[in-house]
Amino acid sequence: MTFPSTGRRAVLTGCAAAALLLIASCSVPPDPSGADSAGRGESSASASASESDSAAATRGALDPGPEALPASEPTTISLPGIDVESEVMQLGLQDDGVIEVPPYNLGSPAGWFVHSPTPGEVGPSVILGHRNGIEGGPGIFADLPQTEVGDSIAITRQDGSVASFTVYRTELFRKDEGFPTLEVYGNTVGPEIRLITCDGLNQETGMLEDNFIVYATLDT
326 MTFPSTGRRA VLTGCAAAAL LLIASCSVPP DPSGADSAGR GESSASASAS ESDSAAATRG
386 ALDPGPEALP ASEPTTISLP GIDVESEVMQ LGLQDDGVIE VPPYNLGSPA GWFVHSPTPG
446 EVGPSVILGH RNGIEGGPGI FADLPQTEVG DSIAITRQDG SVASFTVYRT ELFRKDEGFP
506 TLEVYGNTVG PEIRLITCDG LNQETGMLED NFIVYATLDT
């Protein structure tokens, strides 16, 4: 499947299939300790998703939220709740139409999908990060499943401004149950952000079988 590249918003409704492919490809070496470190935060994530589904579905339609910022590409991301600071690289589409992912080596930064809005513009800005490096150590989003509703996300932008977001929902789901296409990539009334990583390490296969998504809205 390929996607148009005529503008950021043009591909949002078609990106979920590519995102599912890139997330489904995640795997890590089995943890030598036998502990499933990728499972942290599972019950709280599921609970917060179920509790906020209804509110999230109507929030954008009822409240346009804060005024959007002009376009400006992200340069760094900060999640103080999980002690993460990262530069932000740019991710496009591969030749087969699948979204690129950041390098798998340890120290790899988070990556902004260039066909989504810049953080602070109207719509869902999408940022991806790995749970693990190919070497078996933690990736930049190793602790993303510990994110809680109410946590803050700060994105420094190329124009020097900072777009501040507040988490209103987190979601954990199995890859074999389908990707939440519209909720992640669908149009929104105001500026929002999505952080996406893999989760749910299967010790026998070394595959990360779940996905974890953070939803946040621009602060007023």
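Using this note's numbering, the first residue of the sequence shown is number 326, and each one after it goes up by one. Note that CB positions come from ideal geometry on N, CA and C, so glycine has one too. The model shown is predicted, which means the values in this text are computed figures rather than measured ones.
If you drop the 5 nearest sequence neighbours on each side, which residues of the same chain put their C-beta closer than 6 Å to that of residue i?
{"i": "P444", "result": "P399, S450, I480, A488, I518"}
{"i": "P462", "result": "Pro is not the amino acid found at residue 462; the sequence shown has Gly there. Contacts found: L431."}
{"i": "A467", "result": "R456"}
{"i": "A393", "result": "E446, V447, P516"}
{"i": "I402", "result": "S411, V413, A435, I480"}
{"i": "R499", "result": "D535"}
{"i": "I452", "result": "A435, W437, L520"}
Can you give the Cα-Cα distance for residue i and residue j, rounded to whole angstroms?
{"i": "I478", "j": "E425", "result": "23 Å"}
{"i": "I459", "j": "L507", "result": "31 Å"}
{"i": "D535", "j": "H440", "result": "24 Å"}
{"i": "E410", "j": "S433", "result": "12 Å"}
{"i": "T513", "j": "L404", "result": "22 Å"}
{"i": "V492", "j": "D421", "result": "33 Å"}
{"i": "V539", "j": "Q419", "result": "24 Å"}
{"i": "L416", "j": "P427", "result": "7 Å"}
{"i": "R494", "j": "T542", "result": "10 Å"}
{"i": "L469", "j": "C523", "result": "9 Å"}
{"i": "S486", "j": "Y510", "result": "24 Å"}
{"i": "Q471", "j": "P505", "result": "20 Å"}
Just checking my contact of residue i with residue j at CB under 8 Å: how many whole Å lie between their CB atoms?
{"i": "G515", "j": "G390", "result": "3 Å"}
{"i": "E496", "j": "G406", "result": "Contact doesn't hold; Cβ gap of about 17 Å is too wide."}
{"i": "G454", "j": "L520", "result": "7 Å"}
What do you reckon, is the C-beta of residue i under 8 Å from a heavy atom of the ligand GTP?
{"i": "I402", "result": "Here there are no bound small molecules, and the ligand GTP is not part of this structure."}
Suppose the cutoff is 7 Å on Cβ atoms and the five residues either side in sequence are ignored; what does the same chain contact list for residue i look like?
{"i": "D544", "result": "P391, S489, F490, T491"}
{"i": "Y429", "result": "H455, G458, I459"}
Return no unless some Cβ of chain D is closer than 9 Å to the Cβ of residue i.
{"i": "G406", "result": "Chain labels in this structure do not include chain D; a single protein chain is all it has."}
Who are the near neighbours of residue i in its chain, counting only those whose CB is closer than 8 Å to its CB and skipping five residues on each side?
{"i": "Q483", "result": "S397, E398, P399, T400"}
{"i": "D408", "result": "D468"}
message = For a minimum of 3 consecutive residues, which ranges assigned as the beta strand (DSSP E) are wholly contained in the region 383-432?
response = Here the runs fully enclosed are 399-404, 409-416.
Inside the region 492-518 only - alpha helix (DSSP H) runs reaching at least 4 residues = 506-510
ask   = Quick one: complete beta strand (DSSP E) runs, 3+ long, within the region 448-487?
value = For the region 448-487, whole beta strand (DSSP E) runs of length 3 or above, ordered along the chain, are 448-453, 477-482.
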